[in-house]
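**Student:** Provided herewith is a single structure, encoded as structure tokens, for subsequent inquiry.
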Amino acid sequence: MLEVFLNYWYEQDADIITAWNLSFDVDYLLARLQQLGISDKKLSQEEDSDFNDVTNFFTGSKTNKSIIKRTNGEVEILGLVLFDMLKAYRKMHFGELRAYDLNSIAVDELNEKKEKVYNTGKVWREDL
Numbered sequence: 006m007l008e009v010f011l012n013y014w015y016e017q018d019a020d021i022i023t024a025w026n027l028s029f030d031v032d033y034l035l036a037r038l039q040q041l042g043i044s045d046k047k048l049s050q051e052e053d054s055d056f057n058d059v060t061n062f063f064t065g066s067k068t069n070k071s072i073i074k075r076t077n078g079e080v081e082i083l084g085l086v087l088f089d090m091l092k093a094y095r096k097m098h099f100g101e102l103r104a105y106d107l108n109s110i111a112v113d114e115l116n117e118k119k120e121k122v123y124n125t126g127k128v129w130r131e132d133l
């Protein structure tokens, strides 16, 4: 199922990926790929390239040979803009809220709740 998802992702050739708390989702996806021994190359259209081809403007040095790069806890995927809606919401919303999880924001902004997923550990192990 994950390989079908990667093929879909690759075929869509997106420029921007967005989600609520996107860093969590990307970390989860990368961990899942690693656990299953699946290459992450289809996450980027730049699969024939890598961050090693990119020279750091400030240091002049090459970075790790990978399409995935982590800087200060942030994940980058070569050729994609990863836009975290949680971070954007926190910057744009005035005042403090009681919580910033998606369900709380959905209730505060839309008066609706998000769908709950149960047994995520079981899904992690068995829903391949």
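The numbering used here puts the first residue of the sequence shown at 6, with every later residue one more than the last.
Beta carbons: idealized from backbone N, C-alpha and C, even for Gly.
Small disclaimer: the values here were computed from a predicted structure and weren't measured.
#1: Mind checking whether Ser109 and Leu102 have CB atoms under 8 Å apart?
#2: Leaving out five residues on either side along the sequence, give the residues of the same chain with a beta carbon under 8 Å from the beta carbon of Asp32.
#3: What residue range is occupied by the uninterrupted alpha helix (DSSP H) comprising Ala93?
#4: Report yes if the C-beta distance between Leu48 and Ile21 is below 8 Å; otherwise report no.
#5: Closest by CA to Trp14, which one among Lys46, Trp25, Tyr105 and Gln40?
#6: Which two residues bound the contiguous beta strand (DSSP E) that contains Ala24?
#7: Quick one: what does DSSP say Leu41 is sitting in, helix, strand or coil?
#8: Considering only residues of the same chain and omitting the five flanking positions on each side of Gly84, which have a CB-CB separation below 7 Å?
#9: With DSSP run on the structure shown, which of helix, strand or coil describes Asn57?
#10: What does DSSP give as the partner residue(s) for Lys74 in the beta ladder?
#11: Among the candidates Leu27, Lys118 and Ala19, whose CA atom is the shortest distance from the CA of Tyr94?
#12: On a CA-only basis, which of Lys127, Glu16 and Glu8 is nearest Gln39? Give me that one, please.
**Tutor:** Reading off the structure:
#1: yes
#2: Val80
#3: Met90 to Met97
#4: no
#5: It is Lys46 whose Cα lies nearest to the Cα of Trp14.
#6: Ile21 to Ala24
#7: Residue state, collapsed to three classes: helix.
#8: Ser49, Gln50 and Glu51
#9: Note that Asn57 scores a pLDDT of 48, beneath 50, so its modelled location is shaky; the value from the coordinates is reported in the next line. DSSP places Asn57 in helix when its eight states are reduced to three.
#10: Glu81
#11: Leu27
#12: Looking at Lys127, Glu16 and Glu8, the one whose alpha-carbon comes closest to that of Gln39 is Glu8.
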